[in-house]
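Novice: The structure follows.
Protein chains: 2
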Amino acid sequence: MAGNHQKNESSKEQTERPKRADAQKNLVALLQAAKEVFAETGVDAPMRDIARRAGVGVGTIYRNFPQRADLIAAVFRQEVDACADTAEEFAQHYAPAEAVDRWMQRYVDFLVAKRGLASALHSDDAAFKPLPAYFDARLEPALQGLLNAATEAGELRGDVTAYDLLRAVAGLCTPSGHGDVAQARRLVSLLIDGLRYRSE
Amino acid sequence: MAGNHQKNESSKEQTERPKRADAQKNLVALLQAAKEVFAETGVDAPMRDIARRAGVGVGTIYRNFPQRADLIAAVFRQEVDACADTAEEFAQHYAPAEAVDRWMQRYVDFLVAKRGLASALHSDDAAFKPLPAYFDARLEPALQGLLNAATEAGELRGDVTAYDLLRAVAGLCTPSGHGDVAQARRLVSLLIDGLRYRSE
DNA sequence: CATATATACGGAACCTTGTTCCACTTATCA
DNA sequence: TGATAAGTGGAACAAGGTTCCGTATATATG
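One line per chain: the protein sequences are A and B, in this order. Under my numbering, the residues of the first sequence are numbered 23 to 222, in order. Under my numbering, the residues of the second sequence are numbered 23 to 222, in order.
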């Protein structure tokens, strides 16, 4: 009778196996705390610090994320999601071209914040392998939607793909490395501006 | 025989007292042990393991290398030296073109072995900053000497520089990443073979 | 509501590793 | 052959990772 079904789902649905409400709340608090601590202290921050900030015990971390890399990967995914979701929000609140502009700046913020994780991501830990694919799968459609809207509204040229833009901006942000966000912002602004139709 | 470039620090030989013989011996044993342990366990291996293998106490490590990065850098330099010194040896034992061929294979071995250190090298630790320059300064002249000899002997084309070759082969080895040495070797062989004058 | 039980929790305890420190040893010199 | 300063080993301490289990509680059931 002790059928211990380890039906662990970490992707999107909790329909199969109702998770205890408090456990779910702790998981959310944990990811939020980890995100903050990683941003402040780096991904090597002590587990205890993360646990304390989330108001849980270290055991709770290890139950949800057996390896540190699992926690890092989860935080990364969460931030990718947050960035992608912003696209929809901007689409509803701004004119198409401005939505693109704002989203690209948001994307720059993401890239700069992610730089701390970059070296960790380049390790060969198995938990990190699917992350680049996830990155593309979430961000590319998000931006492509904004681009399509702006193109159909006649506000932007239509001859550049979301994929190319993502790569280009990532390239602009990564190598400068000096943490100079302002510099990156300026370059990206130039780039986006170049996409606009000139009203002349 | 490999030239011992670390015998005396040439820059401070008149100001500093000569180093105690046993200290020098310990330093050599330490570097050898670190090289072995890094190769077996990775650069994160416990200091105690390295100390035990070298037959010294951990204190001796910290006296010579205050930071772990210092020890890693020293091992790296030692391996660069070993690779560079091989050039002279091959030049004395083989025909010019074959010396080039053999050295390039030796260089492939070095690159593959170094892959474990690659992620560490890409950290922003100050101890690693001068390493790329050292890499070029040692390896480029070594290969250039072999190339010049082969060119003057009429065995190789003379229109490729040592620098270009080093970069090209490093590029061949790094991205494949699958640890497939045989694949890398085959590519490099093709490359070197292309440099030969066809006896036709 | 009361009770049963699987689930989840916290954090003390334990283990591994980094780093410091100093009493002791020894190479070198006069 | 001392005298002495350089060098040594490893115990001791610090800090973080990971495990384990008694306790607490959300949820299902009567």
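Ideal Cβ placement from N, Cα and C applies to all residues, glycine included.
1. His233/A CB to nearest chain B CB: under 8 Å?
2. Under 8 Å between C-beta atoms, does Ser211/A make it to chain B?
3. Quick one: Cα of Val134/B to Cα of Ala184/B, how far?
4. Ala190/A to Ala204/A, Cα distance in whole Å?
5. Can you tell me the Cβ-Cβ gap for Ala51/B and Val97/B, rounded? I've got them flagged as a contact below 8 Å.
6. Is it true that the CB of Glu177/A sits closer than 8 Å to the CB of Arg218/A?
7. Measure the Cβ-Cβ separation of Ala95/B and Phe150/B and say whether it is below 8 Å.
8. Are the CB atoms of Leu139/B and Glu162/B within a distance shorter than 8 Å?
9. Which class does Arg218/A belong to by DSSP, given the choice of helix, strand or coil?
10. Quick check on the DSSP output: the alpha helix (DSSP H) that includes Glu174/A runs from which residue to which?
11. Should Ala172/B and Pro118/B be called a contact, given that it needs their Cβ atoms to be closer than 8 Å?
12. Looking at C-alpha atoms only, which residue of Gln54/B, Ala175/B, Lys41/B and Ile83/B is the closest neighbour of Tyr12/B?
13. Can you tell which of Arg42/B, Ser211/B, Lys41/B and Ala43/B has its C-alpha closest to the C-alpha of Arg128/B?
14. How long is the line joining the alpha carbons of Gln54/B and Thr63/B, rounded to whole angstroms?
15. Let me make sure I understand the geometry here. Which of His144/A, Asp147/A, Ser141/A and Thr82/A has the alpha-carbon closest to that of Asp44/A?
16. Can you check whether the CB of Glu58/A is closer than 8 Å to the CB of Arg42/A?
17. Does the Cβ-Cβ distance between Val102/B and Arg160/B come in under 8 Å?
18. Rank Asp146/A, Leu49/A, Pro40/A and Ala148/A by C-alpha distance to the C-alpha of Val80/A and give the top, closest one.
19. Which residues in the same chain have their Cβ closer than 6 Å to the Cβ of Asp147/B, if we skip the five residues on either side of it in sequence?
20. Select from Leu169/A, Ala106/A, Glu110/A and Ile72/A the residue whose C-alpha is nearest the C-alpha of Asp158/A.
21. What residue range is occupied by the uninterrupted alpha helix (DSSP H) comprising Thr82/A?
22. So, are the CB atoms of Phe112/A and Arg124/A less than 8 Å apart?
23. Under the DSSP definition of a beta bridge, which residues are partnered with Leu178/B?
24. Reducing DSSP to helix, strand and coil, say where Arg42/B ends up.
25. Buried or exposed for Ala155/B, going by 16 or more other Cβ atoms inside 10 Å?
Specialist: With the given structure in hand:
1. Beyond the ends of chain A as shown, which are 23 and 222, falls residue 233/A; an answer cannot be given.
2. It does not: the Cβ of Ser211/A has no partner Cβ on chain B nearer than 8 Å.
3. Answer to the nearest angstrom: the Cα atoms are 19 Å apart.
4. For Ala190/A and Ala204/A, the distance between alpha carbons rounds to 17 Å.
5. With a Cβ gap of about 13 Å, Ala51/B and Val97/B do not count as contacting.
6. Using a Cβ distance threshold of 8 Å, Arg218/A and Glu177/A count as a contacting pair.
7. Cβ distance < 8 Å, so Ala95/B and Phe150/B count as in contact.
8. In this structure, Leu139/B does not lie closer than 8 Å to Glu162/B by Cβ.
9. Strand at Arg218/A.
10. According to the DSSP assignment, Glu174/A belongs to the alpha helix (DSSP H) that extends over Leu153 to Glu174.
11. Yes, Cβ-Cβ distance for Ala172/B and Pro118/B is below 8 Å.
12. Residue 12/B lies beyond the residue range present for chain B, which begins at 23 and ends at 222; the question has no answer from this structure.
13. The residue with the shortest Cα to Cα distance from Arg128/B is Ser211/B.
14. Cα to Cα, the separation comes out at about 14 Å.
15. When each option's Cα is compared against that of Asp44/A, the closest is Thr82/A.
16. Contact flag unset, no.
17. In this structure, Val102/B lies near Arg160/B, with their beta-carbon atoms less than 8 Å apart.
18. Ranking Asp146/A, Leu49/A, Pro40/A and Ala148/A by CA distance to the CA of Val80/A puts Leu49/A first.
19. If we look at Asp147/B and ignore the five residues flanking it on each side, its Cβ neighbours are Ala91.
20. Distance from the Cα of Asp158/A is smallest, within the candidate group Leu169/A, Ala106/A, Glu110/A and Ile72/A, for Ala106/A.
21. First-last of the alpha helix (DSSP H) with Thr82/A: Val80 to Asn86.
22. At a Cβ-Cβ threshold of 8 Å, Phe112/A and Arg124/A count as neighbours.
23. In DSSP, Leu178/B forms a bridge with Arg218/B.
24. Note: Arg42/B maps to coil in three-state DSSP.
25. Exposed.
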